[in-house]
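Here the structure is laid out as structure tokens; the discussion comes afterwards.
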Amino acid sequence: MQVKISRNKTIMDNPNDKDTKNEMAPQPILISPEKVQAKEHDVYRDTYIRYLGYANEIGEAFRPLVHRSVVMGSYGISSAYVLADTWDKALKAYNKPGSRSRDILISAADTLLWQGFASVIIPGYTINRITYFTSKFVQKGKMAQFVPTAVGLLSIPFIIKPIDHAVDLTMNYTFRKVF
């Protein structure tokens with residue numbers, strides 16, 4: 008007779024001695040080191056710092072409400088983020104044993120292209136168009152000022168992942184295939 012007490016343990020009744028319980032431990036699952044891929048923690052893509060790359064989208068969403076210089080400043084923040092990530096990836100390539108100048112340049116170019124498209128160019132243009140077309144539908148009253156901004160801001164979480172994925176795919180079949 009078996010009594011299951013958890014997913015990992017089963018207690019067996021000993022037919023000869025009713026007071027003795029034998030615990031059968033689960034067998035460990037062995038995974039070869041080749042199958043385990045350790046993902047390095049990337050402070051620019053795995054933390055809230057990533058959202059600095061989206062500052063231009065916030066600026067675009069507020070374009071109807073703020074001065075043009077605020078929108079341009081948001082692009083400055085995003086650009087600084089892109090350059091910091093590029094510098095970080097180039098420095099990591101430089102510090103790898105046996106790294107060559109070519110490896111460093113390829114790493115920097117890959118990061119600059121990816122971040123430029125995924126964090127600045129495509130999302131900025133997308134939010135700009137969303138707010139522009141929304142403003143065409145709402146043309147009178149106070150709603151005309153706030154609805155495009157709200158729609159632009161609310162669209163950000165929905166556009167980021169598809170854009171990042173599209174840029175990854177494009178780079179995998181173009182730049183990363185060549186270099």
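Read in our numbering, the sequence shown has 113 at position 106, and its numbers run on one by one without any break.
Positions of the beta carbon are idealized from the N, C-alpha and C atoms, including for glycine.
No experiment lies behind these values; they were computed from the predicted model shown.
Residue i to residue j, Cα distance in whole Å?
{"i": "Phe186", "j": "Ile113", "result": "7 Å"}
{"i": "Lys184", "j": "Ile84", "result": "30 Å"}
{"i": "Ala91", "j": "Gly148", "result": "42 Å"}
{"i": "Thr54", "j": "Arg70", "result": "27 Å"}
{"i": "Ile65", "j": "Pro130", "result": "10 Å"}
{"i": "Glu47", "j": "Lys103", "result": "14 Å"}
{"i": "Ile56", "j": "Leu161", "result": "20 Å"}
{"i": "Ala151", "j": "Tyr101", "result": "51 Å"}
Rounded to the nearest angstrom, how far is the Cβ of residue i from that of residue j, given a contact under 8 Å?
{"i": "Ile167", "j": "Ile134", "result": "At roughly 11 Å, the Cβ-Cβ gap does not stay under 8 Å, so Ile167 and Ile134 are not in contact."}
{"i": "Thr141", "j": "Val158", "result": "5 Å"}
{"i": "Val78", "j": "Glu67", "result": "7 Å"}
Would you give the residue range spanned by the alpha helix (DSSP H) that residue i belongs to?
{"i": "Phe153", "result": "150 to 180"}
{"i": "Ser81", "result": "75 to 102"}
{"i": "Arg109", "result": "108 to 122"}
{"i": "Ser142", "result": "129 to 144"}
{"i": "Glu64", "result": "62 to 68"}
Figure out for me which residue from the options has the closest Cα to the Cα of residue i.
{"i": "Asp171", "options": "Arg109, Asn63, Ser126", "result": "Ser126"}
{"i": "Val174", "options": "Phe144, Ile128, Thr138", "result": "Ile128"}
{"i": "Ser81", "options": "Ala115, Val145, Tyr61", "result": "Tyr61"}
{"i": "Thr118", "options": "Arg109, Lys96, Ala100", "result": "Lys96"}
I want to know whether the stretch 116 to 130 touches the stretch 89 to 106 - three or more CB-CB distances under 8 Å.
Contact between the stretch 116 to 130 and the stretch 89 to 106 is present, because at least three Cβ pairs lie under 8 Å.
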